[in-house]
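Data block below; observations after.
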Amino acid sequence: MESSTRILLLGLDSAGGVIQSDRNAEALLAGRPGGLRGALLEDLVPGGAAPLAEALRSGRERTVMLPVGSAAERDAGLAREAVVTVHPMTPVVPGAVACPAALAVIRMPAPLADRFVDPAVTRRALLEDGLPRIGATLDLELLARGLMDVLVPHFCNSGALLLLESLVDAEEPPASGTPPLRRMALASDDHDTAWDAAFPTGEVLVYPAGTPHERCLLTGEPVLTLYGGDDAMLLAEKWGRPPVADLLKGTSLLLLPVRLDDSDRPGAAGFFVCTRDTAHRPFDAYDIEIGMEFAARAARFVDGARRYGRERATALTLQRSLLPTGLSAPSSVEVHHRYLPGSRLVEVGGDWYESIALPGGRVALVVGDVAGHGVRAAVTMGRLRTAIHTLAGLDLPPAEALERLDLLMSTLGEREPHFATCAYVVYDAVTGRCEVASAGHLPPLLAAPGAPATYLDVPPSPPLGVGDGPVASREFTVEDGTLLFLYTDGLVENRGRDIDDGLARLRRVFDGREPDGPAASGAGAPAAGGASLTDLCDGALGGVFDDRHRDDIAMLVARLRRIPSSHHVSWELPAEPAAVRRARGLVRDRLERWDLMEMADSTALLASELVTNAIRHAGGRVTLRLVREGGLLCEVQDSSDGRPRVHGTYEPDDSALTETGRGLHVVGRLARRWGVRRTATGKAVWCEQALP
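Per our numbering: the sequence shown ends with 701, consecutive numbering throughout.
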């Protein structure tokens with residue numbers, strides 16, 4: 010039962026006359042004992058005769074809301090709305106002792122003066138009925154509002170909850186002296202906007218010295234104060250807020266400290282501000298006892314929400330810091346990404362994406378998903394991202410890169426078993442070739458211009474950290490303007506939809522036939538080729554935001570195009586010493602066409618060193634290639650799979666160093682970076698210089 014509700018009982022005869030009544034009804038409706046006998050329900054409750062007649066006629070109870078009050082209250086227009094329920098009883102037997110034909114139960118608001126009179130009613134409403142409903146709330150702001158909804162109107166007319174700013178904001182250092190507080194929530198039973206104006210929610214403030222609020226915060230003890238006119242005026246002057254004097258004049262103020270067991274400072278971590286106006290009984294010792302029990306239970310809720318909030322913030326910060334902040338790709342490749350955190354039930358996950366520009370106009374596109382959620386999944390995701398960057402820098406093919414990742418996951422799984430899925434694509438913007446490998450991941454979606462979207466048939470492999478089987482890859486050539494879409498399972502699978510339905514809907518988006526996707530150019534006509542990547546991502550995400558059990562989602566879409574043919578050139582050279590001189594001439598001629606003659610000497614020297622090494626150590630014909638994309642890349646391909654090695658440390662005047670290895674020392678000095686990658690027929694040694 011709420012402290013603001015009274016229940017009145019009336020026994021009625023078949024004519025609606027009162028033949029029995031309880032003491033509450035006599036006190037509230039008649040003002041004297043026995044004053045209701047013989048009165049009609051219609052006189053006490055205008056409109057009450059109709060529900061009585063209906064209940065007696067149908068034999069079923071009837072509930073209505075009607076104005077109820079004493080004769081004086083009705084005459085003055087002060088009758089209060091009450092819920093009136095009429096229960097039919099046993100029919101009246103003629104000549105028998107008078108017994109009620111119906112029972113009227115009236116639930117009505119109590120008079121203002123009696124609102125906080127009964128401590129037992131207040132305790133039950135405050136501690137037993139209200140607190141259990143909000144105890145599971147882990148959001149600190151929602152918890153604060155819920156606590157105020159319990160405190161007002163069951164304990165006070167107006168109230169507020171203030172907590173230390175260092176408690177709410179983990180990055181806020183503890184302050185010396187009187188620490189700042191943040192007002193988390195405010196409530197008043199009359200909904201007067203003056204309270205919100207004088208005490209705004211979310212305000213950070215320091216109470217003046219000598220105020221009851223400072224004393225409660227520093228001592229951690231409850232403070233009871235009765236504000237007369239002068240006291241309220243003095244507090245308003247100290248605070249610099251004139252409206253406070255009118256709001257607190259004549260009120261009874263009770264401050265209830267919020268004390269945390271693990272607090273590293275003396276005193277309280279905050280307090281509840283409770284006020285009762287002049288129309289109600291002021292606070293007393295019983296109220297302090299009840300209020301302190303409420304504050305103690307509320308402190309446990311606040312501590313739980315604070316701990317959860319900090320752990321959640323730590324996990325989110327960790328995950329966001331581990332996700333890529335920027336994507337790199339050749340100038341001809343357009344890449345767009347989206348990351349959607351999981352719902353508040355999931356939120357932190359292990360999904361990630363990558364777009365890593367590789368030398369020679371190539372790009373590695375990666376999307377992965379670590380099984381599970383929380384900090385552990387985020388940490389594992391960060392490790393895999395670091396490993397992916399390392400493997401991409403080594404120019405390993407996708408299949409071999411995933412095999413290395415599988416070994417890493419197996420090593421990590423020795424301490425804590427877990428697994429992940431990953432799709433790895435390398436696109437060469439010079440040749441238009443794609444190489445795709447997948448470890449337990451959903452198939453990439455490919456949409457060529459003018460053709461329907463299809464899912465790539467990639468050789469299946471077990472997830473990373475699960476199987477020991479080899480990872481196979483697939484190579485193919487794509488047309489310019491082809492869309493490649495990589496995604497995680499949260500996009501196409503949820504509790505209410507089968508994964509096949511999600512995959513079909515995603516394909517319709519890229520075909521331009523999904524209502525949530527880009528506008529279709531015709532019935533069933535593939536239209537995604539001309540749509541913006543942003544629109545495609547929006548269409549793919551259509552309908553997933555309202556899923557309360559949504560997993561986190563990572564997606565990567567790329568529009569693949571070759572770099573212009575005028576930006577790259579290749580020559581096939583014979584394996585003979587004269588080829589070195591020819592290579593220098595070809596390089597100088599091409600750089601003159603590209604208006605890069607200031608790089609001619611250094612590039613010719615680099616090309617001659619790489620061609621010389623290939624002829625000397627590999628044999629067979631070699632291919633020299635120049636690519637102008639982000640820098641100037643010089644690459645020599647041969648048929649040997651042996652990786653060149655640098656021996657010793659080269660100095661120009663070091664006569665002890667043999668000719669072996671000298672070329673790579675020169676390459677290392679002149680180029681900003683160099684490396685080796687495997688090809689289908691052998692290897693390619695490349696070096697890159699910055700464009701002027």
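For each residue, glycine too, the CB sits at the ideal point set by N, CA and C.
For THR284, the enclosing beta strand (DSSP E) stretches over residues 279-285.
Assigned with DSSP and collapsed to three states, ASP52 falls in helix. For SER261, the uninterrupted beta strand (DSSP E) run begins and ends at 261-266, by DSSP. Boundaries of the beta strand (DSSP E) around VAL434: 429-437. Contact annotation: the segment 612-625 does not touch the segment 559-576, with fewer than three C-beta pairs closer than 8 Å. Below 8 Å, enough C-beta pairs join the segment 403-411 and the segment 471-485 to call them touching: three or more. Per DSSP, reduced to three states, the secondary structure at HIS346 is strand. Of the other Cβ atoms in all chains shown, 16 or more fall within 10 Å of the Cβ of LEU38; this residue is therefore buried. For GLN646, the closest of VAL694, ARG442, GLU444 by C-alpha to C-alpha distance is VAL694. Closest by C-alpha distance to LEU641, out of VAL675, LEU619, LEU600, is LEU600. Between GLY490 and PRO461, the gap from beta carbon to beta carbon reaches 8 Å or more. With respect to the 8 Å criterion, VAL553 and LEU500 are classified as neighbours on the basis of their beta carbons. With a contact defined as Cβ atoms closer than 8 Å, LEU17 and MET98 miss out at about 17 Å.
DSSP places SER364 in the uninterrupted beta strand (DSSP E) bounded by 358-367. Taking PRO128 as the centre and dropping the five residues before and after it, the same chain places the C-beta of TYR295, ILE299 closer than 7 Å to its C-beta, in chain order.
In this structure, DSSP gives TRP603 a state outside helix and strand, which the three-state scheme calls coil.
Nearest C-alpha to GLU363 among ALA34, GLY370, SER341, MET390: MET390. For GLY640, there is no enclosing alpha helix (DSSP H), as DSSP marks it with neither H nor E. Around the beta carbon of VAL467, 16 or more other beta carbons sit within 10 angstroms, so the residue counts as buried. Residue range 384-402 is occupied by the alpha helix (DSSP H) that includes HIS398. Of the candidates PRO586, MET157, THR486, MET157 places its Cα closest to the Cα of VAL282. In this structure, the alpha-carbon of LEU414 lies about 33 Å from that of ASP544. Secondary structure of VAL467 (DSSP, three-state): coil. Burial state of ILE508 is exposed, judged by a 10 Å Cβ sphere holding fewer than 16 other Cβ atoms. Taking C-beta separations shorter than 6 Å and ignoring five residues to either side along the sequence, the partners of GLY229 in its chain run PRO266, ARG268, GLY276, ALA277, following chain order. MET606 counts as exposed, since fewer than 16 other beta carbons sit within 10 angstroms of its beta carbon. A distance below 8 Å separates the beta carbons of PRO252 and ALA203. The C-beta separation of LEU21 from ALA91 comes to about 16 Å, leaving the pair out of contact by the 8 Å criterion. The beta strand (DSSP E) runs lying completely inside the segment 94-179 and spanning 3 residues or more are 111-118, 167-173, given in chain order. Separation of ARG678 and GLY639 (C-alpha to C-alpha, rounded to the nearest whole angstrom) is 20 Å.
Counting C-beta pairs with one atom in each stretch, the segment 301-317 and the segment 131-142 have three or more that are closer than 8 Å, which means they touch. The beta carbon of VAL344 sits closer than 6 Å to those of LEU336, ALA338, SER364, ALA567, all from its chain and outside the five residues before and after it, given in chain order. Partner residues in the beta bridge of VAL685, as assigned by DSSP, are VAL694. Cα atoms of ARG591 and VAL435: separation of roughly 32 Å, rounded to the nearest angstrom. Secondary structure note for MET301: its alpha helix (DSSP H) is the uninterrupted segment 294-331.
Secondary structure at THR612: helix, using DSSP grouped into helix, strand and coil.
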